[in-house]
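Chemist: Quick one: the structure is below, questions incoming.
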Amino acid sequence: MAAGQAAEEGVDTLLLEKMKRPARKLCITGKGRCNITNIVELPDFIAHFGKTGRFLHQAFCRFFTPDLMDFFKALGLELVTERGGRVFPASGRALDVLEVLLQWLELSGVQIKLSSKVDGLTMINQRITGVVSRGREIPCDAVILATGGASFPATGSTGDGYRLAESAGHNVVPIRPALVPLETSGDAAGKMAGLNLRNINVRMLVNNKRRKEAFGEMIFTEFGVTGPVILTLSGEAVDAMRDGHKIALSIDLKPGLDEKKLDARLLRDIASRGKEQVRSFLRGLLPREMIPVCLNLTEIPPDGQASRISGKERRRLLTWLKDFRLEVTGYRPLAEAIITAGGIDTREVDPRTMESRLTKGLFIAGELLDIHADTGGYNLQAAFSTGWLAGRSAAQGV
Numbered sequence: 222m223a224a225g226q227a228a229e230e231g232v233d234t235l236l237l238e239k240m241k242r243p244a245r246k247l248c249i250t251g252k253g254r255c256n257i258t259n260i261v262e263l264p265d266f267i268a269h270f271g272k273t274g275r276f277l278h279q280a281f282c283r284f285f286t287p288d289l290m291d292f293f294k295a296l297g298l299e300l301v302t303e304r305g306g307r308v309f310p311a312s313g314r315a316l317d318v319l320e321v322l323l324q325w326l327e328l329s330g331v332q333i334k335l336s337s338k339v340d341g342l343t344m345i346n347q348r349i350t351g352v353v354s355r356g357r358e359i360p361c362d363a364v365i366l367a368t369g370g371a372s373f374p375a376t377g378s379t380g381d382g383y384r385l386a387e388s389a390g391h392n393v394v395p396i397r398p399a400l401v402p403l404e405t406s407g408d409a410a411g412k413m414a415g416l417n418l419r420n421i422n423v424r425m426l427v428n429n430k431r432r433k434e435a436f437g438e439m440i441f442t443e444f445g446v447t448g449p450v451i452l453t454l455s456g457e458a459v460d461a462m463r464d465g466h467k468i469a470l471s472i473d474l475k476p477g478l479d480e481k482k483l484d485a486r487l488l489r490d491i492a493s494r495g496k497e498q499v500r501s502f503l504r505g506l507l508p509r510e511m512i513p514v515c516l517n518l519t520e521i522p523p524d525g526q527a528s529r530i531s532g533k534e535r536r537r538l539l540t541w542l543k544d545f546r547l548e549v550t551g552y553r554p555l556a557e558a559i560i561t562a563g564g565i566d567t568r569e570v571d572p573r574t575m576e577s578r579l580t581k582g583l584f585i586a587g588e589l590l591d592i593h594a595d596t597g598g599y600n601l602q603a604a605f606s607t608g609w610l611a612g613r614s615a616a617q618g619v
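Here the sequence shown stands for residues 222 to 619, where the numbers follow the working numbering.
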């Protein structure tokens, strides 16, 4: 986006791509479908970035969701809006997004050099004069750093942009994984590995106090939990763990029923299906994979008749269905995170232009900045918006 916008402003533009193929990370976003953006209104959109969202206001006011959707439609890419306001290419293929972008770059006159890692910046009196790539200096009047973060390093995102920015005097807020699977204690999650739960509510507890919650879908894994709900909560969980706090997840498996209504349902089911074995009876409440875990944690005999479930056992079952606890012991490494939290301190970047406040002619866009949101298309929109603004600003300044 940054390169194309600069070229459309009429300046000679060179895009240096580290990998043999461009935009490999874009091609795996949204499970290969590329969740381009989200149609929620601007205040709600910014709220998804938490404390870092304020920095993006200028970029979003210049180039936001409707502008991005019109941009892609003009390039011939059909879009669809799905549940939660998420926008995807109608084909469901991220490769189609890349294809129209590459065609646009060609028409705009952008020169692309592949397998061209940038090893350094050249500056005189804190003003950009060029870059060093493949052992030679390439002179220029402006540089836009849009290298991405440090997650999924196989795509080329190995943190090069942070080092380049530091060489120009920038501070980097410690990077860490965001939108990352969480690890849990015990063997409960592992016994249910692969199980996908929908329409559940998960509360994150910090030192046993409720901090945040999310409704939707989660998945059990060999090491713990993942899925949209978990990824949404993971950023705050990671930060809390790094600060030494204890984290637990409270899973409400029946969020549509309060405890009184759920207890009434249990009593009705026991009355009507009392002759069934308990493990068979529970199939009306839980996925098959969860039943052994439930019976173990509630200490209800699996082979007895449902009619013999005692009042205490029923209350334990009720509590477990509404408050299935998992202790969080850690999180997966940065290489497995969807995005990188932390990054270049936004106080050192002009939000009106994306130009460095420290080095003239240096512009910074996308995941390199200390901004991140939860899932739903927010992070890609931020990348496109800051890239759009950086490209236009860089061209107008040369």
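C-beta atoms are modelled at their ideal positions from N, C-alpha and C, and glycine is treated no differently.
These figures come from a predicted structure and were not determined experimentally.
Taking the alpha carbon of Ser640 as the point to measure from, which residue in Arg536, Phe266, Gln498 and Cys515 has its own alpha carbon closest?
Modeler: Coverage of the chain is limited to positions 222 through 619, which leaves residue 640 absent and any answer about it impossible.
Chemist: Under 8 angstroms Cβ to Cβ from Val514, same chain only, skipping five residues before and after it: list those, please.
Modeler: Closer than 8 angstroms at Cβ, skipping near neighbours: Ala409, Lys412 and Met413.
Chemist: Scan the segment 324 to 379 and note each continuous alpha helix (DSSP H) run of 4 residues or more that stays entirely inside, going in chain order.
Modeler: The qualifying runs do not exist here; there are none.
Chemist: State buried or exposed for Ile521, treating a residue as buried only when at least 16 other CB atoms are found within 10 Å of its CB.
Modeler: The residue in question, Ile521, is buried, as its Cβ has 16 or more Cβ neighbours within 10 Å.
Chemist: So what does DSSP say about Lys430, is it helix, strand or coil?
Modeler: Three-state DSSP puts Lys430 in a strand.
Chemist: Hey, out of Glu457, Ile565 and Gly612, whose CA is closest to Tyr383's CA?
Modeler: Comparing Cα positions, the closest option is Ile565.
Chemist: Take Gly551 and list the residues in its own chain whose beta-carbon comes closer than 6 angstroms to its own, dropping the five residues that flank it on each side.
Modeler: So the list reads Glu404, once near-sequence residues are dropped.
Chemist: Tell me, please, which residues DSSP counts as bridged to Phe436.
Modeler: Answer by DSSP bridge pairing, in chain order: Asn422.
Chemist: By the three-class DSSP mapping on this structure, what secondary structure does Ser471 have?
Modeler: Here Ser471 sits in strand by DSSP.
Chemist: Classify Gly377: buried if its beta carbon has 16 or more other beta carbons within 10 angstroms, exposed otherwise.
Modeler: Gly377 is buried by the Cβ-count criterion.
Chemist: Note down, in chain order, each residue of its chain lying with its Cβ closer than 6 angstroms to the Cβ of Gln332, except the 5 sequence neighbours on either side.
Modeler: Within the same chain, Gln332 has close Cβ partners Leu235.
Chemist: Roughly how many angstroms separate the alpha carbons of Gln226 and Val232, rounded to a whole number?
Modeler: About 10 angstroms.
Chemist: Using a Cβ-Cβ cutoff of less than 7 angstroms, which residues in the same chain neighbour Gln680 once the five nearest sequence positions on both sides are dropped?
Modeler: Because the chain here runs from 222 to 619, residue 680 falls outside it and cannot be looked at.
Chemist: Is it buried or exposed, Val301, if we count other Cβ atoms within 10 angstroms and call 16 or more buried?
Modeler: By the 10 Å Cβ count, Val301 comes out exposed.
Chemist: Hey, how far is the Cα of Met222 from the Cα of Phe281?
Modeler: So the two alpha carbons sit approximately 14 angstroms from each other.
Chemist: Using the three-state DSSP reduction, which class does Thr574 fall into: helix, strand or coil?
Modeler: Correct three-state label for Thr574: coil.
Chemist: Look up Asn392 in the DSSP assignment and say whether it is helix, strand or coil.
Modeler: Reduced to three states, the DSSP call for Asn392 is coil.
Chemist: Would a C-beta distance cut-off of 9 angstroms place Ala389 and Asp460 closer than the cut-off?
Modeler: Taking 9 angstroms as the Cβ cut-off, Ala389 and Asp460 do not qualify as a contacting pair.
Chemist: For Met240, which option in Lys338, Ser312, Thr580 and Arg254 has the closest C-alpha, if you only look at C-alpha atoms?
Modeler: Here the closest residue by C-alpha is Lys338.
Chemist: What is the C-beta distance between Leu400 and Phe441, in whole angstroms, given that I count them as a contact (C-beta under 8 angstroms)?
Modeler: Contact flag wrong, Cβ pair sits at about 18 angstroms.
Chemist: If I'm right that Leu366 touches Ile585 with Cβ under 8 angstroms, what's the distance once you round it to whole angstroms?
Modeler: With 8 angstroms as the limit, Leu366 and Ile585 qualify as a contact, their Cβ atoms being about 5 angstroms apart.
Chemist: Using the Cβ count rule (16 or more neighbours within 10 Å means buried), how would you classify Thr540?
Modeler: Thr540 is exposed by the Cβ-count criterion.
Chemist: Return the chain-ordered list of same chain residues with a C-beta closer than 8 angstroms to the C-beta of Gly305, the five sequence neighbours on each side being excluded.
Modeler: The answer, listed in chain order, is Asn259 and Gly597.
Chemist: Identify, in the order they occur along the chain, each residue of the same chain with its Cβ nearer than 7 angstroms to the Cβ of Arg245, setting aside the five sequence neighbours on each side.
Modeler: Answer for Arg245: Thr376 and Gly377, listed in chain order.
Chemist: Compute the Euclidean distance between the alpha carbons of Phe292 and Cys255, then round it to the nearest angstrom.
Modeler: Near 16 angstroms, if we compare the C-alpha coordinates of Cys255 and Phe292.
Chemist: Tell me, please, which residues DSSP counts as bridged to Lys581.
Modeler: The partner list for Lys581 (beta bridge, DSSP) reads Arg348.
Chemist: By how many angstroms is the C-alpha of Lys543 removed from the C-alpha of Phe436?
Modeler: If I take the Cα positions, the gap works out to 14 angstroms.
Chemist: Which of the three DSSP states is assigned to Pro476 in this structure?
Modeler: Coil.
Chemist: Alpha carbon to alpha carbon, how far is Met575 from Val446?
Modeler: Met575 and Val446: Cα-Cα distance of roughly 37 angstroms.
Chemist: Leaving out the 5 sequence neighbours to the left and right, which residues in its chain are closer than 7 angstroms to Ser614 when beta-carbon positions are compared?
Modeler: The residues are Thr574, Met575, Glu576 and Phe584.
Chemist: By Cβ distance, which residues of its chain are closer than 6 angstroms to Arg283, with the 5 residues on each side in sequence left out?
Modeler: Here the set comprises Leu610.
Chemist: If you run the structure through DSSP and keep just helix, strand and coil, what is Asn256?
Modeler: Note: Asn256 maps to coil in three-state DSSP.
Chemist: Identify whether Ala562 lies in helix, strand or coil by the three-state DSSP scheme.
Modeler: Reduced to three states, the DSSP call for Ala562 is strand.
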